[in-house]
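Chains as they are written, first to last, in my numbering: chain A, 21 to 502; chain B, 6 to 499.
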C-alpha cells in the first residue's frame with residue numbers, strides 16, 4: 021500500500037531525494053595534516069592550510085579517497101577513475117579561504133543503489149546519483165557573546181562525502197529506512213560513524229508533491245536535518261505545506277527551507293536576493309584525481325561483508341527467517357555476536373535467544389551489544405547445556421536471568437542451584453506413578469477420550485520434579501503408562 | 006671592481022678564495038640599499054641587520070670550508086614569498102603588517118644553500134601589473150635613464166623591485182614570480198636576465214597566489230650563469246604543492262656555454278605584431294644572426310593562436326585571482342576594517358585593503374565565473390588555452406627553442422600608458438603565451454635601443470628543458486657582450 025496524502029482536490033504522492041553529508045573517518049583532514057577527530061578545544065585542530073593563510077596549498081589525503089571509494093563500492097556504485105576538485109566560492113566567516121573545495125562536475129563515485137526493507141516486508145531499491153568528496157566548513161557560534169560571533173575551525177577542512185540519492189523515495193518511512201540502511205552500510209565499512217547527534221551525518225531533504233502519474237513538480241530543499249526522526253517529520257510537514265500551496269492556487273517556489281522541530285514547520289531560509297552564485301571552477305591548486313583500477317580492486321578485496329550479503333548468508337547458512345536475519349545484521353557487532361553463539365550449535369535456537377531474551381535484556385538495561393553482560397561465549401555455554409540435556413528450556417530462562425545478574429557461567433549456576441535436569445527414568449517413572457495415582461479421576465477422563473489432559477499430566481510431573489525433569493522422557497513415560 | 010658589480014658566480018669564487026668576506030659583500034649591498042632605495046623604492050622591507058648577522062655566520066661556514074652554492078650571496082626576495090618572521094605584504098595594504106610564521110619552499114631552498122636575504126622587493130600589488138605602479142608602497146623607479154632625459158621610467162612588472170634592485174646593484178640576484186611575464190618583462194626593461202621556469206619546476210608553497218595555474222617562481226640576475234645557479238637551488242619537487250612536478254633537477258650550470266651546433270631555433274611569425282618597435286625588431290634580427298653564427302639552424306614556425314593569448318590570459322588569471330584573494334577578509338590575519346555586519350566588514354576591509362587594479366581583476370574574474378557567463382568566458386578561455394599549448398607542442402616537434410622579443414617596447418616613463426588598462430596589458434603580449442602553455446622562457450639583454458635603454462630577447466623552451474634556454478641564452482649573452490650599466494647604481498663599495 022503506497023503512501024499518499026489526502027488534499028482538498030484529491031490524493032497526492034510525495035517525491036523525496038536525500039543529500040546526505042557523511043563525515044569521513046580519517047586521522048587527518050581532506051587537504052591538511054590537522055587532526056580530523058571530533059571535539060577538542062576550539063581552534064586546536066587547525067593547520068595554516070585550514071585557516072587559509074597566504075601561500076598555503078591543499079594536498080589531498082589519500083586515506084580519505086580510499087574511504088570514498090570503499091563507500092562507493094559499498095553502495096554498489098560506479099567508481100570514476102578520474103575525478104576533479106572544484107572551488108565553490110562564497111564568503112562566510114567560518115569558510116577561511118572563501119571557497120569550499122568540492123567535486124562539482126566530476127565526482128569520484130557515480131550511480132549506485134541501496135536496497136531498503138519496509139515494515140511490511142516490501143523491498144525497494146533507491147538509486148544513488150553520485151557520491152563526492154568535499155571539505156566541511158568551520159563552526160560559527162553566535163551564542164557566546166551579545167555582539168560578537170566566534171569561529172571554531174576544528175571542523176574546517178574535515179572530509180565529507182556527499183551522497184546524493186535519486187528522487188526515488190515515496191514516503192517518510194522509506195526516507196527513514198534509506199537513512200538507516202545508509203548509516204548501516206557506512207558503519208559496516210568504517211567510513212563514517214553515522215552519529216547524527218554529533219553532526220557527523222546530516223541530511224538535506226528535497227521534497228516535492230504530485231498527483232499520481234504527473235511529472236515532478238517544483239521541489240524545496242530542507243537543509244541540515246540532523247536526525248532520522250526529524251527527516252521523517254520534515255517530509256510530512258513540508259509535503260502538507262506544499263499541497264496546501266498548490267490547492268490554494270499558489271505556486272511552490274524552489275527554495276531552501278529549514279525544519280523547526282519545536283514548531284513542527286518548515287520555513288524559508290533565504291530570499292532570492294541572497295541566492296548564491298557559487299562560481300564553481302576547477303581548483304587550479306589540485307591536479308585531476310586519477311586512481312588505478314588495481315587500487316580500487318584492492319580496496320574491494322579488503323571490504324567487509326556488507327549487510328545485505330550477510331543477511332542472505334545467514335538465511336542460507338543458518339536456516340533462520342529473513343526477518344531474524346535482518347535484525348541480526350543491523351550492526352556488525354550483533355552479527356558477530358550471533359555468529360559466535362551459533363557456531364557449532366543449533367543456529368535457529370541461537371537466533372531466538374539473541375533476538376529474544378538477549379535483546380530484551382539489553383533494552384531493559386539500556387546497553388549495546390558491545391557491553392552486553394552476557395558474552396557470546398557465555399550464551400553459547402548455556403546453549404550447550406541445553407543441547408546435552410543438562411537443562412531444559414524452562415530452566416534455561418532461569419539460568420539466563422541469573423547470568424544477567426551475576427555474570428556467572430551457566431554451568432556454575434546450574435551447579436550452584438542444583439538445576440541439573442533429571443533424566444533418571446526411575447525417578448521420573450516414580451513421579452509419573454505418583455501423579456497418576458493422585459489423579460485417578462483425570463486418568464479416567466483421559467482414557468475416555470479427553471486427550472487434552474495429557475498436558476496437565478506433564479505439568480504435574482514437571483512440578484513434582486521442580487521443573488528439572490527432561491520433558492521428552494516425561495512425555496514418553498506418561499504415554500507408556502496411559 | 007666594486008662588490009656590487011660582481012656576478013654571483015664570481016662572488017662565490019671570491020668568497021672561497023678569501024678575496025673578501027661575506028660581511029664585506031653583504032655590507033656593500035646593504036650600504037647601496039641605504040643609499041639608493043629611498044629613490045628607487047626597490048625594497049618594501051629591508052633586513053640589513055639580519056643580513057649582516059647571516060653574513061657573519063656565512064663567513065664562519067666559509068672558514069670551515071663548508072660553503073654551500075650560495076653561501077654569503079646577498080639576494081633580494083620578491084615580497085610575494087612568505088618569509089618566516091619577516092613582514093610579507095604582496096605590496097598590498099591588506100597585508101601591510103602581515104608577518105608569516107612560515108617560510109616559502111623557494112626561499113627555504115635558497116636559505117638551505119646559504120643565501121643571505123637583504124630585503125623584500127617591491128612589486129605590483131599581488132603581482133598584478135606590468136609597470137610596478139600598482140604597489141601600495143609606491144612605484145619603483147627603473148635605474149636606467151633615456152639618453153639626455155631624467156624622467157623616471159618604470160622597471161616593468163610585476164617583479165619590478167627585484168629587477169631594479171639587481172640592475173642597480175642592490176642585490177646580486179633576486180627571486181621573481183611570473184604569471185604572464187612578471188619576471189621576463191621587468192628583466193628586459195632593466196637590462197638583466199630573468200628566467201621563468203616550466204610550470205611545476207619550483208614549488209608554489211608559501212608564495213602568495215595570484216593565478217595558481219600560471220604562477221611560477223624564477224631567478225633574476227645579471228648573468229645567465231647566475232640564473233642557472235639560483236634556479237639550481239630554487240627548483241625541485243615539493244610534496245606540499247600538488248602541482249609541483251617530481252622530476253630530477255639537472256646541473257643547470259653545465260648547460261652554460263654548451264655547443265649550439267645543430268640546435269633548431271624557431272622564429273614564430275605571429276610575434277611580428279603591430280606596435281613592435283623598429284629597435285626591437287632590429288635586436289631580434291641581430292639575435293637571429295648571432296644564434297646562426299653559433300651553429301643554430303633558424304626555422305620559421307607558426308603559433309597561430311598567439312593573438313588570443315592576452316585575451317585568454319585576462320580571463321583565466323582574473324578568474325583564479327578572484328577566488329584566491331577571497332581569503333583576505335580581515336578575519337584571521339591582515340588588516341580589518343570593522344563594520345556593523347559581517348558583510349559590511351568584508352566590504353570595508355576589502356575596499357580599504359585592495360588597490361584599483363586588484364579590485365578590477367577581482368571584478369573581471371567574478372564576472373567571467375558567474376552563472377550564465379562561465380561557458381562564454383572561462384570555459385572558452387580554457388579551450389583556447391589548450392590550443393595555445395598545442396601550438397607550442399607542435400612547434401617543438403620541429404624546433405628546440407623559440408626566439409622572440411620579450412616586450413614590444415623598451416621601458417616607458419612613469420605616468421605613460423596608465424589611463425587605459427588595455428594599453429598596459431599589451432606589454433605582456435609576447436610573454437603571456439608561454440605562461441598560458443606552462444613553457445619555460447627567459448629574457449636576456451642583448452643591447453641598447455635608440456634612446457639608450459636595454460632591450461631583451463625571449464627564449465622559449467620545451468617543458469623542463471631549462472638547460473636549452475640557458476645554453477642558447479648564454480650564447481646570446483656572450484655574442485651581445487652586454488656590459489652596459491644603468492645610470493643609477495651602487496657606487497663606492499670596495
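In this text, a Cβ means the ideal position worked out from N, Cα and C, and glycines have one as well.
Check                                                                                                                               : Outcome
Outcome for residue 130/B when other beta-carbon atoms lying within 10 angstroms are tallied against a minimum of 16                : buried
With 16 other Cβ atoms within 10 Å as the buried cut-off, status of residue 296/A                                                   : exposed
Residue interval of the alpha helix (DSSP H) (run including residue 297/B)                                                          : 283 to 298
Contact under 9 Å by Cβ, residue 103/B with residue 78/A                                                                            : no
Residue 318/B to residue 146/B span [Cα, whole Å]                                                                                   : 27 Å
Pick from 423/B, 329/B, 219/B that is closest to residue 116/A, judged by C-alpha positions                                         : 329/B
Host beta strand (DSSP E) of residue 48/B (start-end)                                                                               : 48 to 51
In chain order, each beta strand (DSSP E) run of at least 3 residues that lies wholly inside the region 214 to 248 of chain A       : 221 to 231, 240 to 245
Partners in chain A for residue 70/B, counting only beta-carbon separations shorter than 9 Å                                        : Ordered by position in chain A, no residue passes the 9 Å Cβ test against residue 70/B, which lies about 35 Å from the chain.
Rounded Cβ spacing between residue 74/B and residue 238/B (contact assumed at less than 8 Å)                                        : 6 Å
Proximity to residue 482/B [Cα-Cα], best of 363/B, 177/B, 229/B                                                                     : 229/B
Segment contact flag, the region 24 to 37 of chain A with the region 259 to 276 of chain A, C-beta cutoff 8 Å, min 3 pairs          : yes
For residue 498/B, three-class secondary structure by DSSP                                                                          : Confidence at residue 498/B is low in this model, with a pLDDT of 37, below 50, so its placement is unreliable and the value that follows should be read with caution. Correct three-state label for residue 498/B: coil.
Ordered list of alpha helix (DSSP H) runs contained in the region 128 to 170 of chain B, each at least 4 residues                   : none
Separation of residue 34/A from residue 190/A, as counted between CA atoms                                                          : 5 Å
Beta carbon of residue 404/B nearer than 9 Å to that of residue 271/B                                                               : yes
Identified DSSP bridge partners for residue 119/A                                                                                   : 109/A
Chain-order list of residues whose beta-carbon lies under 6 Å from that of residue 240/B (same chain, five-residue window excluded) : 206, 207, 254
CA nearest to the CA of residue 129/A, picked from 157/A, 135/A, 97/A, 158/A                                                        : 97/A
Pair within 9 Å by beta-carbon distance, residue 282/B and residue 491/B                                                            : no
Assigned exposure category for residue 362/B - 16 Cβ within 10 Å defines buried                                                     : buried
Delimiting residues of the alpha helix (DSSP H) encompassing residue 320/B                                                          : 314 to 329
Nonlocal neighbours in the same chain, by C-beta distance under 8 Å from residue 8/B, ignoring five residues either side            : 16, 25, 29, 30, 33, 34, 498, 499
Sub-9 Å separation of residue 184/B and residue 82/B beta-carbons                                                                   : no
Simplified DSSP assignment, three categories, for residue 16/B                                                                      : helix
Rounded distance between the beta-carbons of residue 221/B and residue 204/B, thought under 8 Å                                     : 5 Å
One or two residues paired with residue 171/A in a DSSP bridge                                                                      : 160/A
Whole-angstrom distance between residue 253/A and residue 192/A, CA atom to CA atom                                                 : 7 Å
Whole-Å CB distance - residue 171/B paired with residue 225/B, under 8 Å assumed                                                    : 5 Å
Euclidean distance between Cα positions of residue 331/A and residue 146/A                                                          : 18 Å
Neighbourhood of residue 251/B by C-beta, 6 Å cutoff - its chain only, sequence neighbours within 5 removed                         : 242
Residue 168/A versus residue 162/A: straight-line alpha-carbon distance, rounded                                                    : 7 Å
Neighbour-count burial assignment, residue 236/A, 16 or more Cβ in a 10 Å radius                                                    : exposed
Chain-ordered neighbours of residue 337/B on chain A, where CB pairs are closer than 8 Å                                            : 71, 72, 73, 116
CB contact below 9 Å: residue 88/A versus chain B                                                                                   : no
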